[in-house]
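*Asks:* Just so you know, the protein sequences line up as chains A and B, in that order.
In the numbering used here, each number is its position in the first sequence, counted from 1, plus 140.
In the numbering used here, each number is its position in the second sequence, counted from 1, plus 140.
Protein chains: 2
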Amino acid sequence: MKRKITIHDVAKKAELSVSTVSLIMNNKPNVNEETRRKVLEIIRQLGYHPLRSARGLASQSSGNIGFILTEDHFSQAEPFYTKIFLGTEFEARNHNFYILLTTVGWTLKDQSQVPRFLLEHNVDGVIIAGKIGSSWVEYIQEQNLPLILIDYELARHRVSTIGMDNRTGINLVVEHFRTGGHSKIGFIGGDIRHPSIAERFASYRDTLASAGMPINSRWISVGEANTSLDDGYEAAKRIFSLGGERPTAIACANDAMALGCMKFLKEAGIAIPGDVAVSGFDNIEAGLHVEPRLTTVNVHREEMGGIAVRRLVEMIKDHSSVITKTLTPVELIVRDSCGVKESVSD
Amino acid sequence: MKRKITIHDVAKKAELSVSTVSLIMNNKPNVNEETRRKVLEIIRQLGYHPLRSARGLASQSSGNIGFILTEDHFSQAEPFYTKIFLGTEFEARNHNFYILLTTVGWTLKDQSQVPRFLLEHNVDGVIIAGKIGSSWVEYIQEQNLPLILIDYELARHRVSTIGMDNRTGINLVVEHFRTGGHSKIGFIGGDIRHPSIAERFASYRDTLASAGMPINSRWISVGEANTSLDDGYEAAKRIFSLGGERPTAIACANDAMALGCMKFLKEAGIAIPGDVAVSGFDNIEAGLHVEPRLTTVNVHREEMGGIAVRRLVEMIKDHSSVITKTLTPVELIVRDSCGVKESVSD
DNA sequence: CGATTCTATTGAAGCGTTTCGATAAAAACG
DNA sequence: CGTTTTTATCGAAACGCTTCAATAGAATCG
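1) Assuming isoleucine 224(B) contacts glycine 187(B) under a Cβ cut-off of 8 Å, what Cβ separation, rounded to an integer in Å, is found between them?
2) Since leucine 399(A) contacts valine 449(A) with CB under 8 Å, what's their CB separation in whole angstroms?
3) Any contact between the segment 284-300 of chain A and the segment 257-277 of chain B? By contact I mean 3 or more CB pairs, one from each, below 8 Å.
4) Taking the straight line between their C-alpha atoms, what separation do you get for arginine 298(A) and lysine 465(A)?
5) Counting contacts by CB-CB distance shorter than 8 Å, is histidine 261(A) in contact with chain B?
6) Need the endpoints of the alpha helix (DSSP H) that phenylalanine 257(A) sits in, please.
7) With a threshold of 8 Å between beta-carbons, can threonine 175(A) be considered close to chain B, or not?
8) Is there at least one Cβ from chain A nearer than 8 Å to lysine 377(B)'s Cβ?
9) For a quick check, are the C-beta atoms of aspartate 264(A) and isoleucine 205(A) less than 8 Å apart?
10) Which residues in chain B sit within 7 Å of arginine 222(A), going by Cβ to Cβ distance?
11) Unbroken alpha helix (DSSP H) runs of length 4 or more, entirely within the segment 299-328 of chain A: which are they?
12) From isoleucine 290(B) to methionine 455(B), what does the alpha carbon distance come to, in whole angstroms?
13) For my contact list, serine 381(B) and proline 432(B) are in at a C-beta cut-off of 8 Å; report their separation, rounded to the angstrom.
14) I want to see whether chain B comes within less than 8 Å of glutamate 229(A), judged by CB atoms only; does it?
15) Using the beta-carbon count (16 or more within 10 Å), is arginine 143(A) buried or exposed?
16) Shortest alpha-carbon distance to lysine 403(A) belongs to which of Asn166(A), Ile328(A) and Gly372(A)?
17) Helix, strand or coil: how does DSSP classify serine 361(B) here?
18) Should isoleucine 390(B) be labelled buried (16 or more other beta-carbon atoms within 10 Å of its own) or exposed?
19) Tell me which same chain residues have a C-beta within less than 7 Å of the C-beta of asparagine 366(B), skipping the five on either side of it?
20) Between Cys392(B), Ser368(B), Asp395(B) and Asp415(B), which has its C-alpha nearest glutamate 385(B)'s C-alpha?
21) Mind listing, in chain order, the continuous alpha helix (DSSP H) runs of no fewer than 4 residues lying wholly within the segment 193-239 of chain A?
22) Taking the DSSP output, what are the residues bridged to alanine 391(B)?
23) Please go through the same chain and pick out, in chain order, the residues whose beta-carbon is closer than 8 Å to the beta-carbon of valine 277(A), but skip the five residues on each side of it.
24) Alpha carbons only, please: which of Leu472(B), Ile147(B) and Gly479(B) is nearest the one belonging to threonine 388(B)?
25) If you measure between the beta carbons of isoleucine 220(B) and arginine 340(B), is that distance less than 8 Å?
26) Which partner residues does asparagine 172(B) have in the DSSP bridge list?
27) Is there at least one Cβ from chain B nearer than 8 Å to lysine 144(A)'s Cβ?
28) Looking at the C-beta of tyrosine 238(A), does it have a partner C-beta in chain B at a distance below 8 Å?
29) Taking 8 Å as the CB-CB cut-off, is arginine 192(A) touching chain B?
30) Is there a Cβ of chain B sitting closer than 8 Å to that of glycine 330(A), yes or no?
31) Shorter than 8 Å from the beta carbon of aspartate 486(A) to some beta carbon of chain B?
32) Counting beta carbon pairs with one atom in the segment 432-445 of chain A and one in the segment 222-240 of chain A, are three or more of them shorter than 8 Å?
33) Are the C-beta atoms of leucine 180(A) and some chain B residue less than 8 Å apart?
34) Excluding the five sequence neighbours on either side, which residues of its own chain have a C-beta within less than 8 Å of the C-beta of serine 460(B), listed in chain order?
35) For threonine 468(B), go through chain A and note every residue whose CB falls closer than 7 Å to its CB, in chain order.
36) Please list the terminal residues of the continuous beta strand (DSSP E) segment that includes threonine 468(A).
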């Protein structure tokens with residue numbers, strides 16, 4: 141068992157003290173440039189890598205970032221949050237951080253549920269993705285840990301967030317329907333309590349309103365408990381079971397519900413997009429494999445994770461506690477389910 | 141900023157030395173039962189949790205397990221490996237380990253690609269899931285790190301693996317077709333170089349052979365580069381473009397290819413399961429949402445991850461290096477795509 | 001040119017644990 | 001009952017790094 145190479149080995153070979161080597165390892169100022177180069181070269185030669193736990197102990201920091209997801213979010217068939225996680229993992233490497241992922245229940249009930257990385261002070265900051273009970277946010281803030289929320293926000297809490305441009309997304313969809321000749325446009329929202337969903341719904345109303353188009357509450361379903369495929373199915377059933385005038389297009393607040401909506405329409409013998417056009421939001425894989433392929437709004441998941449890490453690392457290093465709200469852009473992806481071809485404009 | 145509670149606080153309150161407290165924290169023998177109880181109670185009261193980095197430094201262990209996935213595996217739409225990861229994460233908690241997940245390229249080309257957790261000795265063992273270049277396995281074994289492979293194996297390397305009972309799975313499928321009246325059963329395998337796929341293919345042949353049924357090479361497609369939906373599509377096209385007698389059932393080596401196969405059949409106007417029955421393997425979500433719903437073989441992904449962690453922790457703690465090969469059970473899930481109802485037998 | 005400031009380097013303390021050899025007390029032994 | 005073994009506890013060294021006060025020399029200043 142060959143001994144590990146330590147900072148002492150480097151120091152000895154460089155004929156310097158370990159302090160100097162340490163300064164260099166941490167990019168501290170007041171080191172002669174030549175010395176720095178020499179030591180860096182020796183480090184390379186020796187293949188030296190500082191031991192995480194020793195660093196951590198001495199500097200009172202772990203070099204880890206905690207990533208918290210509710211159990212149901214992570215287990216989802218669609219890797220929406222998985223992609224976000226991947227984005228954090230990639231970006232974390234650039235900053236020499238590790239990501240510790242853990243799943244938790246919806247709310248923090250008692251101490252035994254607290255992720256071990258929080259108890260053991262094994263993270264320097266935390267990222268939470270998706271909707272989650274506010275008790276978690278409160279707990280983490282009490283610990284004075286930098287925190288970022290992705291794809292969620294809590295009105296009553298001062299916390300930095302990374303979101304996506306929901307309003308523009310739905311605006312693009314509705315405008316696309318409108319310029320394509322639709323005037324009776326419905327909306328399926330599911331769980332409207334989710335901030336992102338609420339924004340999408342608001343944007344739907346605003347867009348219609350500012351275009352001077354009718355808003356018919358019978359074309360809208362936003363009361364479902366969740367935003368799953370089944371919720372979309374039920375919502376569509378509700379809308380199309382009602383008598384009276386029917387919508388000719390349905391904007392769904394996400395792809396899962398759009399898929400559920402399409403499932404219902406097919407079963408009911410309603411042609412897509414012939415009788416009714418459908419659109420989603422999120423650009424999940426499954427939208428590509430359904431027939432007709434789903435028109436949707438693309439969201440940059442990896443990028444959201446990456447931005448979250450960058451912001452968090454800033455907060456960790458600068459001890460800054462400025463609250464920011466970052467929006468990532470989205471874009472309309474026109475496929476077959478909306479029956480409107482992308483028109484060459486501008 | 142309130143000071144953290146350390147082992148010294150516990151020791152002082154208990155009027156004992158830190159050594160004794162440490163012994164108790166680590167479940168070491170030769171501690172009076174009453175003392176142990178007393179200290180444990182004090183630890184509870186104080187809410188003491190040892191600092192990971194201090195432990196790590198002193199005991200020359202990190203308390204982390206590395207989880208390595210190739211980039212393409214993790215990015216896959218279907219959360220097959222994500223589920224496995226989740227299983228490891230759950231089980232790791234029970235053993236007081238953290239999982240550090242990272243993705244890597246197919247082969248290890250140069251030092252700069254080595255995950256940082258390996259360079260910094262920040263893991264006590266490694267789990268690799270899915271097919272991967274053998275250079276990675278070799279590198280990790282050189283580091284004398286305990287290693288487990290999930291859903292993959294390398295014939296030429298001595299390494300413990302966790303797999304699933306592929307042979308039984310396909311056997312169940314083919315038997316189900318046979319007893320349901322099918323005698324012309326085809327197979328779509330995709331990338332036969334993957335050990336799991338190879339086993340499934342072998343089991344297909346064996347089952348047919350031992351039932352005395354014909355094996356027609358024109359009903360078989362196993363040359364594809366991969367095992368994706370598109371590969372399934374192409375394979376089906378190949379099989380059904382050939383003239384001559386056609387199979388009445390197709391066993392696919394995984395669900396993705398089964399879905400691709402179904403896509404082709406639908407486009408070709410071939411009824412499922414009327415003209416051709418189809419089955420998959422893996423029991424992915426998408427199989428539930430396709431029409432008709434896919435008959436498949438269920439695999440316990442989370443459990444595979446959990447077992448991997450248990451085995452790895454054993455290896456870490458016991459310094460044992462016994463090579464084992466663990467198979468997790470599978471079960472047939474009969475849905476609509478095979479056109480055979482589950483018969484009440486036995 | 002003496003005093004002050006700045007730059008580069010260092011020695012040593014300290015971070016919170018584990019571990020090992022030492023020790024005293026209790027138990028078992030012949 | 002003296003000797004050996006076992007049990008329970010402890011003190012101190014070690015783990016590999018960061019950090020901070022100290023120092024000496026170089027540069028700058030009035």
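C-beta atoms are modelled at their ideal positions from N, C-alpha and C, and glycine is treated no differently.
*Replies:* In terms of the structure at hand:
1) If you number the second sequence from 1, residue 224(B) lands on position 84. If you number the second sequence from 1, residue 187(B) lands on position 47. Not confirmed; about 34 Å, so no contact.
2) Along the first sequence, one-based indexing puts residue 399(A) at 259. Along the first sequence, one-based indexing puts residue 449(A) at 309. In fact, because the Cβ distance is near 31 Å, the residues do not count as touching under 8 Å.
3) no
4) Locating residue 298(A) in the first sequence gives position 158, where the first residue counts as 1. Locating residue 465(A) in the first sequence gives position 325, where the first residue counts as 1. Those two C-alpha atoms are separated by around 10 Å.
5) Residue numbering aside, residue 261(A) sits at position 121 when the first sequence is read from its first letter. Output row for histidine 261(A): interface = yes.
6) Against the first sequence, residue 257(A) aligns to sequence position 117. 256-259 is the extent of the alpha helix (DSSP H) around phenylalanine 257(A).
7) Here residue 175(A) is taken as the residue at index 35 of the first sequence, counted from 1. No, because no Cβ of chain B sits closer than 8 Å to the Cβ of threonine 175(A).
8) By 1-based counting over the second sequence, the position of residue 377(B) is 237. It does not: the Cβ of lysine 377(B) has no partner Cβ on chain A nearer than 8 Å.
9) Here residue 264(A) is taken as the residue at index 124 of the first sequence, counted from 1. Here residue 205(A) is taken as the residue at index 65 of the first sequence, counted from 1. Against a cut-off of 8 Å, the Cβ pair of isoleucine 205(A) and aspartate 264(A) comes out as a contact.
10) Along the first sequence, one-based indexing puts residue 222(A) at 82. As written in the sequence, residue 222(A) is threonine, which differs from the arginine given in the question. Under the 7 Å cutoff, chain B gives Pro219 and Thr222.
11) 306-319
12) The residue given as residue 290(B) occupies position 150 in the second sequence. The residue given as residue 455(B) occupies position 315 in the second sequence. Approximately 15 Å between the Cα atoms of the pair.
13) The residue labelled residue 381(B) in the question sits at position 241 within the second sequence. The residue labelled residue 432(B) in the question sits at position 292 within the second sequence. Their Cβ separation, rounded to whole angstroms, is 23 Å, which puts serine 381(B) and proline 432(B) out of contact at 8 Å.
14) Residue mapping note: residue 229(A) aligns to position 89 of the first sequence, counting from 1. Chain B, which has a Cβ nearer than 8 Å to the Cβ of glutamate 229(A), makes this yes.
15) As a first step, residue 143(A) must be located in the first sequence, where it is residue number 3. By the neighbour-count rule (16 or more Cβ atoms within 10 Å), arginine 143(A) is not buried but exposed.
16) For the purposes of this step, residue 403(A) is identified with residue 263 of the first sequence, where counting begins at 1. Across the set Asn166(A), Ile328(A) and Gly372(A), the C-alpha of Gly372(A) shows the shortest separation from the C-alpha of lysine 403(A).
17) Position 221 of the second sequence, counted from the start, is the residue given in the question as residue 361(B). Here serine 361(B) sits in strand by DSSP.
18) If you number the second sequence from 1, residue 390(B) lands on position 250. So isoleucine 390(B) counts as buried.
19) Along the second sequence, one-based indexing puts residue 366(B) at 226. Excluding positions up to five away in sequence, the list reads Gly330 and Asp331.
20) Here the question's residue 385(B) lines up with position 245 in the second sequence. Selected option, being the one with the closest Cα: Asp415(B).
21) For the segment 193-239 of chain A, whole alpha helix (DSSP H) runs of length 4 or above, ordered along the chain, are 211-215 and 220-234.
22) Here the question's residue 391(B) lines up with position 251 in the second sequence. Answer by DSSP bridge pairing, in chain order: Phe327(B) and Ser419(B).
23) To locate residue 277(A), count along the first sequence from 1; it is residue 137. Closer than 8 Å at Cβ, skipping near neighbours: Ile268, Leu287, Leu289, Leu294, His297 and Val299.
24) Position 248 of the second sequence, counted from the first residue, corresponds to residue 388(B). Looking from the CA of threonine 388(B), the closest CA among Leu472(B), Ile147(B) and Gly479(B) belongs to Gly479(B).
25) Here the question's residue 220(B) lines up with position 80 in the second sequence. Here the question's residue 340(B) lines up with position 200 in the second sequence. Note on residue identity: the sequence assigns phenylalanine, not isoleucine, to residue 220(B). No, Cβ-Cβ distance for phenylalanine 220(B) and arginine 340(B) is not below 8 Å.
26) By 1-based counting over the second sequence, the position of residue 172(B) is 32. DSSP, once it has assigned bridges, lists no residue as partnering asparagine 172(B).
27) Translated into positions along the first sequence, residue 144(A) becomes position 4. Lysine 144(A) counts as touching chain B.
28) Taking the first residue of the first sequence as position 1, residue 238(A) is located at position 98. Closer than 8 Å to some Cβ of chain B, the Cβ of tyrosine 238(A) qualifies, so yes.
29) Start at 1 with the first residue of the first sequence, and residue 192(A) comes out as number 52. For arginine 192(A), the answer is yes, since a Cβ of chain B falls inside 8 Å of its Cβ.
30) On the first sequence, residue 330(A) is found 190 positions in, with the first residue counted as 1. Output row for glycine 330(A): interface = no.
31) Position 346 of the first sequence, counted from the first residue, corresponds to residue 486(A). Because the pLDDT at aspartate 486(A) is just 39, under 50, the model does not fix this residue reliably, and the point stays unresolved.
32) yes
33) Here the question's residue 180(A) lines up with position 40 in the first sequence. Not an interface residue.
34) Translated into the one-based positions of the second sequence, residue 460(B) becomes position 320. By the criterion of a C-beta distance shorter than 8 Å, serine 460(B) is surrounded in its chain by Glu454, once the five residues flanking it on both sides are discounted.
35) Counting from one through the second sequence, the residue named residue 468(B) turns up at place 328. The premise fails here: threonine 468(B) is roughly 19 Å from chain A at the closest Cβ pair, so nothing lies under 7 Å.
36) Looking up residue 468(A) in the first sequence gives position 328. Where threonine 468(A) is concerned, the enclosing beta strand (DSSP E) stretches over 465-468.
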